[in-house]
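Undergrad: Just dropping this structure here.
Numbering (the numbering used here), first residue to last: 735 to 1145.
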């Protein structure tokens, strides 16, 4: 079977690469030693032990309208899923089922846009991924209802899961995809997720990722985007949970007229460490990219932002914008920000900016002078800062729930 060969190669690469250390430039501020100690823990299938009914009543964002695939400990859980009638030609299934059925489309695209040769966690996922979602939207079809992929970790035992999602949006199609990572308790576990999004010509893809995992969890994820001619992909990542989090987002604009947006919100507290690494790869002319990340850091939390705009030699008429803003609510919170421009074309527009600051004391005084209590006034200013990202989320009921969660975290 073709998959066995892919896994074998990935295991070989993982054995050769090993886990990154802080001596590696790309991991300079993020020590994954605790993850390395967990990564060899056996993966086990979910045993709900009759808990399905209880869990189903408390699914994160479970009441959002749309289709839902739920995975527990990395394995598809049909009893917690809700797949309504889908339009003809649309495929929404577990990746394990696609593997079992020898799906030729999966074989053609699985891992083809991912660098599992040089990235440790991409190789690890490729070697051990057992399930995830396979989504295929046919050409000329606009799927109006969002697709929600919910990944839950359940039970004790420091489980490790390697979810793998493959999303194919055909020419002139559109789809809204929601990814949520959460847990049913506050245990220690490791999630190593990969989502590959391949957007056909003139396709429209909205992607929202919510990371609300256990405060003891380790979460490493890669979002790999391939944008075709005149396609449009927007991704919004919201990070509330996790002890140590690393998000890699790589977008390759491989044909003219492609447009990609990467937005992210980090709300850190206690001793959380949340790292976002992004790459906008302009491989062809006349492409646009937009990027805005906002960090709200309290207590002893740490944030990392490394954003690279890479413009290749022939990618003339590139228009790329990047901004990273950080709000520090504590003297002990810190951010390491590193915007990067690598430009090999001479007719481009590329800008980047990074700001770090505290709450505006004048604005706080203004609100308090009008009778607003200090805590409420602080929350108003923080919410306005965070809404620079949240306002871009197109699913209204999800956006409202995230805003409510933000206020809960600030209380």
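Ideal placement from N, C-alpha and C gives every residue a C-beta, glycine not left out.
As a quick exercise: from 1008, 856, 1015 and 1128, pick the residue whose alpha carbon is nearest that of residue 1069.
TA: Taking the chain shown and counting its residues from 1, one reaches residue 1069 at position 335. Checked all of 1008, 856, 1015 and 1128; the closest Cα to residue 1069 is 1008.
Undergrad: Going by other Cβ atoms of all chains shown within 10 Å of its Cβ, with 16 needed for buried, is residue 1025 buried or exposed?
TA: Position 291 of the chain shown, counted from the first residue, corresponds to residue 1025. Its Cβ being crowded by 16 or more others within 10 Å, residue 1025 is buried.
Undergrad: At which residues does the beta strand (DSSP E) containing residue 987 begin and terminate?
TA: Position 253 of the chain shown, counted from the start, is the residue given in the question as residue 987. Start and end: 978-987.
Undergrad: Would you list the residues sitting across from residue 1100 in a DSSP beta bridge?
TA: Counted from its first residue, the chain shown places residue 1100 at position 366. Note: residue 1100 sits in no beta bridge, so no partner.
Undergrad: Could you pull out every unbroken beta strand (DSSP E) segment of at least 3 residues lying fully inside the region 898-969, listed in chain order?
TA: Within the region 898-969, the complete beta strand (DSSP E) segments of 3 residues or longer fall at 898-903, 908-917, 924-933, 938-945 and 952-961, listed in chain order.
Undergrad: Given residue 944, which residues of its chain have a CB within under 6 Å of its CB, disregarding the five upstream and five downstream residues?
TA: As a working note, residue 944 is residue 210 in the chain shown. If the five residues before and after residue 944 are omitted, its C-beta is found closer than 6 Å to the C-beta atoms of 914 and 972, all from its own chain and listed in chain order.
Undergrad: Select from 963, 804 and 832 the residue whose C-alpha is nearest the C-alpha of residue 691.
TA: Residue 691 cannot be examined here, being either before or after the span of the chain that is shown, 735 to 1145.
Undergrad: Could you compute how far the alpha carbon of residue 1124 sits from the alpha carbon of residue 954?
TA: Residue mapping note: residue 1124 aligns to position 390 of the chain shown, counting from 1. Residue mapping note: residue 954 aligns to position 220 of the chain shown, counting from 1. Going by the C-alpha atoms only, they are around 22 Å apart.
Undergrad: To the nearest angstrom, report how far apart residue 1120 and residue 1029 are at their CA atoms.
TA: Counting from one through the chain shown, the residue named residue 1120 turns up at place 386. Counting from one through the chain shown, the residue named residue 1029 turns up at place 295. Their Cα atoms are separated by approximately 8 Å.
Undergrad: Once the 5 residues before and after residue 761 are set aside, which same chain residues still bring their CB inside 7 Å of it?
TA: In the chain shown, counting from the first residue as 1, residue 761 sits at position 27. If we look at residue 761 and ignore the five residues flanking it on each side, its Cβ neighbours are 754 and 755.
Undergrad: Would DSSP call residue 1117 helix, strand or coil?
TA: Looking up residue 1117 in the chain shown gives position 383. Here residue 1117 sits in helix by DSSP.
Undergrad: Which value, in whole angstroms, describes the spacing of the CA atoms of residue 996 and residue 1022?
TA: As a working mapping, residue 996 is identified with position 262 in the chain shown. As a working mapping, residue 1022 is identified with position 288 in the chain shown. The alpha-carbon atoms of residue 996 and residue 1022 are separated by roughly 12 Å.
Undergrad: Under three-state DSSP, which class holds residue 1131?
TA: By 1-based counting over the chain shown, the position of residue 1131 is 397. Here residue 1131 sits in helix by DSSP.
Undergrad: Which partner residues of residue 995 appear in the DSSP bridge assignment?
TA: Looking up residue 995 in the chain shown gives position 261. Per DSSP, 968 and 1024.
Undergrad: Assuming residue 867 is part of the beta strand (DSSP E), what are its boundary residues?
TA: Along the chain shown, one-based indexing puts residue 867 at 133. Looking at the DSSP string, the run of the beta strand (DSSP E) that includes residue 867 is 867-871.
Undergrad: Quick one, which of 1081, 1086, 1131 and 746 has its alpha-carbon nearest residue 852's?
TA: Within the chain shown, the letter at position 118 stands for residue 852. Comparing Cα positions, the closest option is 746.
Undergrad: If you draw a straight line from the alpha carbon of residue 903 to that of residue 938, how long is it in whole angstroms?
TA: Counting from one through the chain shown, the residue named residue 903 turns up at place 169. Counting from one through the chain shown, the residue named residue 938 turns up at place 204. Rounded to the nearest angstrom, the two C-alpha atoms are 8 Å apart.
Undergrad: Do you know whose CA, among 982, 989 and 1033, lies nearest residue 1004's CA?
TA: By 1-based counting over the chain shown, the position of residue 1004 is 270. Considering only alpha carbons, the answer is 1033.
Undergrad: Of the residues 1017, 1127 and 935, which one's Cα is nearest the Cα of residue 1077?
TA: In the chain shown, counting from the first residue as 1, residue 1077 sits at position 343. Checked all of 1017, 1127 and 935; the closest Cα to residue 1077 is 1017.
Undergrad: According to DSSP, residue 1053 sits in a beta bridge with which residue or residues?
TA: Your numbering for residue 1053 matches position 319 in the chain shown. In the DSSP output, where bridge partners are listed per residue, residue 1053 has 1022 and 1083.
Undergrad: Output needed for residue 965: all residues of its chain with C-beta closer than 7 Å, excluding positions within five of it in sequence on either side, in chain order.
TA: Locating residue 965 in the chain shown gives position 231, where the first residue counts as 1. For residue 965, where only same-chain residues beyond five positions count, the Cβ hits under 7 Å are 933, 934, 935, 936, 937 and 992.
Undergrad: Can you list, in chain order, the stretches of the beta strand (DSSP E) that have 3 or more residues and sit fully within the region 797-865?
TA: 801-806 and 825-828
Undergrad: Let's test the definition: count the other Cβ atoms within 10 Å of the Cβ of residue 874 and tell me whether it reaches 16, buried, or not, exposed.
TA: Here residue 874 is taken as the residue at index 140 of the chain shown, counted from 1. By the 10 Å Cβ count, residue 874 comes out exposed.
Undergrad: Buried or exposed, going by whether 16 or more other CB atoms sit within 10 Å of the CB of residue 1074?
TA: Here residue 1074 corresponds to residue number 340 of the chain shown, with the count starting at 1. Exposed, since its Cβ has fewer than 16 Cβ neighbours within 10 Å.
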